[in-house]
Every structure is written in structure tokens, then in C-alpha cells.
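These notes concern the structure reproduced below.
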Amino acid sequence: MNTSATVNKTIPTIVLGGTGYVAGELLRLIATHPQLELAAAVSESQAGETIKSVFPHLQNVFGEQSYISRDEVGTHLHGKVAMFSAAPHGASAAMIAELLETAEKQDCELTVVDASADFRFPTAAAYEAVYSHPHGAPHVLVHFSSGLPEHMGNP
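Using our numbering, the letters of the sequence shown map in sequence onto residues 204 to 358.
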């Protein structure tokens with residue numbers, strides 16, 4: 204087995220909600236990660252604008268790469284893809300659910316990491332008890348695990 208070919212292969216990576224502070228940190232980390240390559244940064248408000256116009260410190264990494272709209276994400280969902288969501292709390296779950304559905308239809312192996320609070324709790328009831336509004340995609344909660352130890356068990 205040739206492990207060097209496996210180690211050197213990069214994974215196309217998408218960042219949702221690509222213009223806030225968390226997105227900037229995710230983009231910075233992706234830029235230096237040896238196995239992740241930014242395929243797309245998604246922003247409805249900045250679609251068509253360059254990443255460097257929002258994050259000038261990343262201009263040497265992403266050059267003229269521009270933000271895309273959510274409607275364009277499907278063109279990047281093929282093969283194995285990583286997606287990080289920096290979308291706002293309360294909005295991230297519905298976007299992720301939609302993109303998981305699209306990825307499944309396109310036979311894309313999509314791995315998702317959500318930086319919002321939308322998948323911190325294992326049940327919609329637990330989420331609603333804390334945030335006082337319904338979860339945006341309760342049907343996909345079973346596919347997520349929280350990385351925060353204080354939220355890993357049932358409240």
C-alpha cells in the first residue's frame with residue numbers, strides 16, 4: 204500500500220457563513236492545514252466578492268478566490284468533502300440539513316463540523332429548553348455529536 208499518496212491527498216473544504224470572526228479563523232486554519240484545501244467559502248451577503256476583501260491578511264493564501272452563494276455549493280459536493288459551518292446560531296442547522304440532503308443525492312461523502320450552538324444538544328427538546336426556540340433541523344440531530352464534554356450526555 205502506498206501511504207504517501209494517501210497522506211498527500213487534500214480534501215476539498217467548504218466554509219459556510221464565511222465572513223464573520225469564526226469563519227476568518229477557520230479559513231486561516233484551513234490555509235495552513237496540510238490535508239485541507241479550500242474549495243469554497245459561502246456568504247450570501249458577500250457572494251462574488253474576494254475573500255481578501257473581507258480578510259486582507261489571507262490575500263497571499265486565497266488570492267482572487269471569491270465567495271459563492273449557498274445556491275452554488277452543490278457544484279462542490281462530489282467525492283469526499285469537508286464542511287465547516289461558521290453560520291450564525293439558529294441558522295446553521297437548516298443550512299447544514301439542506302446541504303446534507305444535496306450531498307446524499309450527489310453521492311458525496313460529506314463530513315460536517317458546526318461551530319454554532321445548533322448541534323450542541325442530542326435532542327430538539329434539550330436544545331429548545333436552553334435556547335427557547337425550535338431547532339432548525341431536528342431530523343438530523345441523530346447524525347451529530349457534540350465535542351463539548353458538558354453537552355455530551357442527556358441534560
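Beta carbons: idealized from backbone N, C-alpha and C, even for Gly.
{"Item": "Per DSSP, the bridge partner or partners of Asn317", "Value": "Note that residue 317 is Asp in the sequence shown, not Asn. DSSP output for Asp317 lists Ser288 as bridge partner(s)."}
{"Item": "Cutoff 7 Å; reference Glu252; Cβ partners in own chain excluding five residues on either side", "Value": "Ser269, Tyr270"}
{"Item": "C-alpha gap between Glu240 and Leu229, whole angstroms", "Value": "12 Å"}
{"Item": "When Arg323, Gly282, Thr222 are compared against Lys212, the one with the closest alpha-carbon", "Value": "Gly282"}
{"Item": "Proximity winner among Ile214, Lys255, Gly223, relative to Pro237 (alpha-carbon distances)", "Value": "Ile214"}
{"Item": "Whole-number beta carbon distance between Pro325 and Leu344, since they are thought to touch under 8 Å", "Value": "7 Å"}
{"Item": "Identity of the residues DSSP links to Ser269 by a beta bridge", "Value": "Thr253"}
{"Item": "Distance between Ala285 and Leu313 (C-alpha atoms, nearest Å)", "Value": "6 Å"}
{"Item": "Length-filtered (4 minimum) alpha helix (DSSP H) runs lying within the region 321-346", "Value": "327-334"}
{"Item": "Collapsed DSSP secondary structure at Leu241 in the structure displayed", "Value": "strand"}
{"Item": "Buried versus exposed, by CB contacts within 10 Å (16 or more), Leu232", "Value": "exposed"}
{"Item": "Any 3 or more C-beta pairs closer than 8 Å across the region 288-301 and the region 219-228", "Value": "yes"}
{"Item": "CA-to-CA distance, Val333 to Ala407, given in whole angstroms", "Value": "The structure shown does not extend to residue 407, since the chain is modelled only from 204 to 358, so the question has no answer here."}
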